[in-house]
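J.: Please see the structure below; I have some questions.
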Amino acid sequence: MSENLKRLTEQGVSIWLDDISRERLRTGNLEALIRDKQVTGVTSNPTIFASALSKGDAYDTQLHDLATRGVDVGEAVRAITTYDIRWAADVLRPVFERTGGQDGRVSIEVDPRLALDTDKTIAEARALWWLVDRPNTMIKIPATVEGLPAITQALSEGISVNVTLIFSLERYRAVMEAWLEGLERAKANGLDLSKIESVASFFVSRFDTEIDKRLEKIGTPEALELRGKAAIANARLAFAAYEDFINTPRWQALQDAGARPQRPLWASTGVKNPDYADTMYVDQLVTAGTVNTMPEKTLDAVADHAGITGDTVRPSYEEAWNTMAALKQAGIDYDDVVKVLEDEGVEKFVTSWDELLGTVTSELEKAR
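Taking numbering that gives the first Met the number 0, the leading residue of the sequence shown gets 0, the next gets one more, and so forth.
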């Protein structure tokens with residue numbers, strides 16, 4: 000067992016794997032990561048499933064059966080993805096039990112083509128919750144304007160939610176408002192709040208990628224000095240906003256009724272710029288009460304050489320505010336950055352979903 004990963008969990012950070020595949024499940028690889036690498040959860044998205052289906056033969060038997068039954072591609076995709084999620088949830092069930100339901104969670108995303116349609120997102124969230132039928136599932140709903148009321152409604156019905164595609168501090172505050180309202184409605188509906196779990200996935204590396212591109216275009220020494228600093232500062236300030244929310248009487252009333260905090264989750268933590276330390280979005284975002292979901296490459300890098308030295312978030316709020324002020328001074332339009340990132344995020348997941356549909360269509364035709 001890696002000492003670095005052990006230290007990370009001792010600091011109160013839950014390690015989730017940002018990947019899933021039938022091959023990983025049937026070979027026992029996920030069980031090994033839980034045992035040896037401190038992994039306590041799994042996240043998935045359309046890109047991950049598209050990649051999984053394009054490799055190996057793990058899906059061949061199910062694809063053959065689906066083709067024999069003559070199902071359409073939409074039903075086939077739902078059958079394939081929910082099968083993997085159920086399997087992963089069962090593998091993680093002991094973690095779920097051991098942590099009292101906080102971890103041992105597996106996330107599956109609503110069809111991203113519905114990201115701008117509240118009613119369809121709610122209906123899809125319900126359908127996935129019923130289909131997977133595991134208490135340690137989380138339904139991923141994007142933090143679009145249209146997604147916010149869907150988040151509230153899902154939580155009010157007792158559906159655990161992973162809110163995804165959060166980039167801006169303003170939108171994150173709106174996500175937390177939607178979360179609190181959902182729990183308040185769940186309480187009014189007589190539900191057991193202790194069984195409703197939620198995380199808020201704040202995207203990290205994509206933020207640096209977009210801002211670094213703009214800083215390089217500006218090209219001044221002051222601008223270039225800020226490369227690689229924006230994402231960590233933004234995430235740290237998100238945690239400061241989270242602390243503000245959980246120190247309100249409104250949250251305290253829900254906590255007294257058994258509710259759990261909506262933990263911030265650091266997503267997109269694989270470093271995209273090879274000039275940067277490959278563990279920077281892990282060891283620079285260490286603080287208790289958070290989740291870091293990592294691709295396996297990042298997980299291995301953290302295990303090998305990350306510098307886990309203690310809390311690197313709470314003592315750094317002033318530095319983070321100074322960084323954001325310097326970015327504004329350099330000419331970075333924060334509001335435009337986060338709008339571009341949200342639009343691109345939805346578009347990329349739709350593209351991946353279309354690729355997934357194309358892959359399944361092709362495989363069904365072959366099987367027939």
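The beta carbon of each residue, even a glycine, is placed where N, CA and C say it ideally should be.
Cβ atoms of Ser13 and Val312: under 7 Å apart, would you say?
T.: No; because the gap between Cβ atoms is not below 7 Å, this pair is not in contact.
J.: Which one or two residues does DSSP pair with Lys139 in a beta bridge?
T.: Lys139 is bridged to Glu108, Asn161.
J.: What is the DSSP secondary structure of Val38, reduced to helix, strand or coil?
T.: Val38: strand per DSSP, three-state reduction.
J.: Who are the near neighbours of Tyr51 in its chain, counting only those whose CB is closer than 6 Å to its CB and skipping five residues on each side?
T.: The sequence shown places Ala at residue 51, rather than the Tyr named in the question. Here the set comprises Ser20.
J.: Where does the unbroken alpha helix (DSSP H) through Leu355 begin, and where does it stop?
T.: Start and end: 333 to 366.
J.: Can Ala256 and Lys194 be called in contact, C-beta distance under 7 Å?
T.: Result no, Cβ atoms of Ala256 and Lys194 do not sit closer than 7 Å.
J.: When you compare the region 343 to 354 with the region 317 to 331, are there three or more beta-carbon pairs, one atom per stretch, that lie closer than 8 Å?
T.: Contact between the region 343 to 354 and the region 317 to 331 is absent, because fewer than three Cβ pairs lie under 8 Å.
J.: Take Arg170 as the anchor and find which of Ala329, Pro148, Glu183, Asp353 has the nearest alpha-carbon.
T.: The shortest C-alpha separation from Arg170 is found at Pro148.
J.: Can you give the Cα-Cα distance for Ala75 and Glu362, rounded to whole angstroms?
T.: Whole-angstrom Cα-Cα distance: 10 Å.
J.: Judging by CA-CA distance, which residue of Lys327, Pro134, Met323, Ala305 is the nearest neighbour of Glu2?
T.: When only C-alpha atoms are compared, the closest one is Ala305.
J.: If you follow the beta strand (DSSP E) that Phe202 is in, where does it begin and where does it stop?
T.: Unbroken beta strand (DSSP E) run through Phe202: 197 to 202.
J.: Based on Cα-Cα distance, which residue from Tyr82, Gly11, Gly40 lies nearest to Glu295?
T.: Nearest option by C-alpha distance: Gly40.
J.: Please state the DSSP three-state secondary structure of Arg133.
T.: Arg133: coil per DSSP, three-state reduction.
J.: Mind checking whether Pro45 and Ser351 have CB atoms under 7 Å apart?
T.: Contact: yes.
J.: Mind checking which residues open and close the alpha helix (DSSP H) that includes Ala300?
T.: From DSSP, the alpha helix (DSSP H) with Ala300 extends over 295 to 304.
J.: Using the three-state DSSP reduction, which class does Leu7 fall into: helix, strand or coil?
T.: Three-state DSSP puts Leu7 in a helix.
J.: Just to confirm, is the Cβ distance from Tyr275 to Gly218 under 7 Å?
T.: Not in contact: Tyr275 and Gly218 (Cβ atoms no closer than 7 Å).
J.: Restricting to Cα atoms, I'd like to know which of Asn233, Arg133, Ser43 is closest to Val337.
T.: For the residues Asn233, Arg133, Ser43, the minimum Cα distance to Val337 belongs to Asn233.
J.: Near Arg213, which residues of its chain fall below 7 Å by C-beta distance, leaving aside the five closest residues on each side in sequence?
T.: Result list for Arg213: Ile331, in chain order.
J.: Report the option in Asp282, Lys139, Arg205, Glu145 whose CA atom is closest to the CA atom of Thr163.
T.: Nearest option by C-alpha distance: Lys139.
J.: Do Leu154 and Gly181 have their C-beta atoms within less than 7 Å of each other?
T.: Against a cut-off of 7 Å, the Cβ pair of Gly181 and Leu154 comes out as a contact.
J.: Starting from Ser20, trace the beta strand (DSSP E) both ways and give me its first and last residue.
T.: First-last for Ser20: undefined, no H or E at that position.
J.: Look at Gly55 and Glu22 and say whether their C-beta atoms are less than 7 Å apart.
T.: In contact: Gly55 and Glu22 (Cβ atoms closer than 7 Å).
J.: Using the Cβ count rule (16 or more neighbours within 10 Å means buried), how would you classify Pro263?
T.: Flag for Pro263 reads buried.
J.: Is the region 266 to 284 touching the region 202 to 210 in the sense that three or more CB pairs, one from each, lie closer than 8 Å?
T.: Yes, since at least three Cβ pairs between the region 202 to 210 and the region 266 to 284 fall closer than 8 Å, the two stretches touch.
J.: Evaluate contact between the region 94 to 107 and the region 56 to 71, counting only Cβ atoms and requiring at least three cross-stretch pairs below 8 Å.
T.: At 8 Å Cβ cutoff, the stretches do not touch.
J.: Using the Cα positions of Leu192 and Thr26, report the straight-line distance between them to the nearest angstrom.
T.: Going from the Cα of Leu192 to the Cα of Thr26 covers about 36 Å.
J.: Would you mind reading off the limits of the alpha helix (DSSP H) that contains Asp179?
T.: Looking at the sequence provided, one finds Leu at residue 179 rather than Asp. Note, Leu179: alpha helix (DSSP H), 168 to 187.
J.: Find the nearest neighbour of Asp335 within the set Thr151, Thr247, Ser167, judged by alpha-carbon distance.
T.: The option with the nearest alpha carbon to Asp335 is Ser167.
J.: Is Ser53 closer than 7 Å to Thr358 when the C-beta atoms are compared?
T.: Contact: yes.
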